[in-house]
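Counting from 1, one number per residue, gives the positions in the sequence shown under the UniProt record's numbering. The block underneath contains the structure these notes are about, expressed in structure tokens.
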Amino acid sequence: MEDAIRTTEDIAHADASADASASAPALAAPEDPTELRLQLHRHGYRPVPVLGAHVAMKAAGKRPMMKGWETVCASADEAEIARWTKAQRNCTNTGLLCGTLVGIDIDVRDHQHAHRVTCIATEMLGMTPACRIGRAPKILLAFRTDQPFDKIQKRQE
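In structure tokens:
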């Protein structure tokens, strides 16, 4: 299943030898970008309108287009978020403003290893209500922190 949103509790209960994306039930995620952004905002996240993958531009599907997006998204209320539907028509994807939100990206292609790394991460950091599985078994675990910090990146050599 592509782009499923799950909790780490769902994944922790999945059998280590099974495909976590097939065995964990997906949480409902609205199809409408505005509704998704409002739902995220209501749960304490700061959504970011992101250029849709359908646009023929470099980094389409991953890039915010709004001028001053970090500042705007940090303080956006529901009315502002609703305005993005018209003001940011090509921004059909949604990102989340980081800072106090940290993403643990587990880019492991082997199902058993990905499941084990996910279990280790949740043992160390606790459960999170925000996970994203795009191309299983790779997964993103999102956690909140009390204090923002700079990106830490570790690449496999």
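Ideal Cβ positions, reconstructed from N, Cα and C, are used throughout, including at glycine.
Distance, L96 Cα to K151 Cα = Position 151 of the sequence shown, counted from the first residue, corresponds to residue 151. Position 96 of the sequence shown, counted from the first residue, corresponds to residue 96. Each residue's alpha carbon lies about 14 Å from the other.
task = Please list, in chain order, all residues of the same chain as M66 whose beta carbon is under 7 Å from its beta carbon, the five residues on each side excluded.
result = One-based indexing of the sequence shown puts residue 66 at position 66. Contacts found: P49, V72 and Q88.
message = DSSP three-state label for V108, please.
response = Position 108 of the sequence shown holds residue 108. The answer is coil: DSSP assigns V108 none of H, G, I, E or B.
inquiry  = Could you compute how far the alpha carbon of V102 sits from the alpha carbon of G126?
reply    = Against the sequence shown, residue 102 aligns to sequence position 102. Against the sequence shown, residue 126 aligns to sequence position 126. The straight-line gap from Cα to Cα measures roughly 13 Å.
inquiry  = Are the CB atoms of R37 and W69 within a distance shorter than 9 Å?
reply    = As a working mapping, residue 69 is identified with position 69 in the sequence shown. As a working mapping, residue 37 is identified with position 37 in the sequence shown. Their beta carbons are not under 9 Å apart, which means W69 does not touch R37 by this criterion.
Close Cβ partners of T94 (< 8 Å) along its chain, the five nearest in sequence each way excluded = Here the question's residue 94 lines up with position 94 in the sequence shown. Only P33, L36, R37, L40, P47, V48, P49 and V50 meet the Cβ criterion.
ask   = Do you know offhand how far H115's Cα is from A59's?
value = Position 115 of the sequence shown holds residue 115. Position 59 of the sequence shown holds residue 59. So the two alpha carbons sit approximately 29 Å from each other.
request  = Under the assumption that I106 contacts K154 (Cβ atoms under 8 Å), give the Cβ distance between them as a whole number of angstroms.
outcome  = Numbered from 1 along the sequence shown, position 106 holds the residue referred to as residue 106. Numbered from 1 along the sequence shown, position 154 holds the residue referred to as residue 154. Not a contact, Cβ separation roughly 12 Å.
request  = Just mark I120 as buried or exposed, buried being the case when its beta carbon has 16 or more other beta carbons within 10 Å.
outcome  = Position 120 of the sequence shown, counted from the start, is the residue given in the question as residue 120. By the 10 Å Cβ count, I120 comes out exposed.
ask   = What are the start and end residues of the alpha helix (DSSP H) that includes V72?
value = The residue you call residue 72 lines up with position 72 of the sequence shown. It spans W69 to S75 - the alpha helix (DSSP H) in which V72 sits, taken as one unbroken run.
ask   = In terms of residue numbering, what span does the alpha helix (DSSP H) encompassing T94 cover?
value = As a working mapping, residue 94 is identified with position 94 in the sequence shown. Careful: T94 lies outside any alpha helix (DSSP H), inside the beta strand (DSSP E) at N93 to L96.
query = What's the call for S23, buried or exposed, on a 16-neighbour Cβ count within 10 Å?
reply = Here the question's residue 23 lines up with position 23 in the sequence shown. Residue placement at S23 is flagged as unreliable, the pLDDT there being 35, under the threshold of 50; a coordinate-derived value is accordingly withheld.
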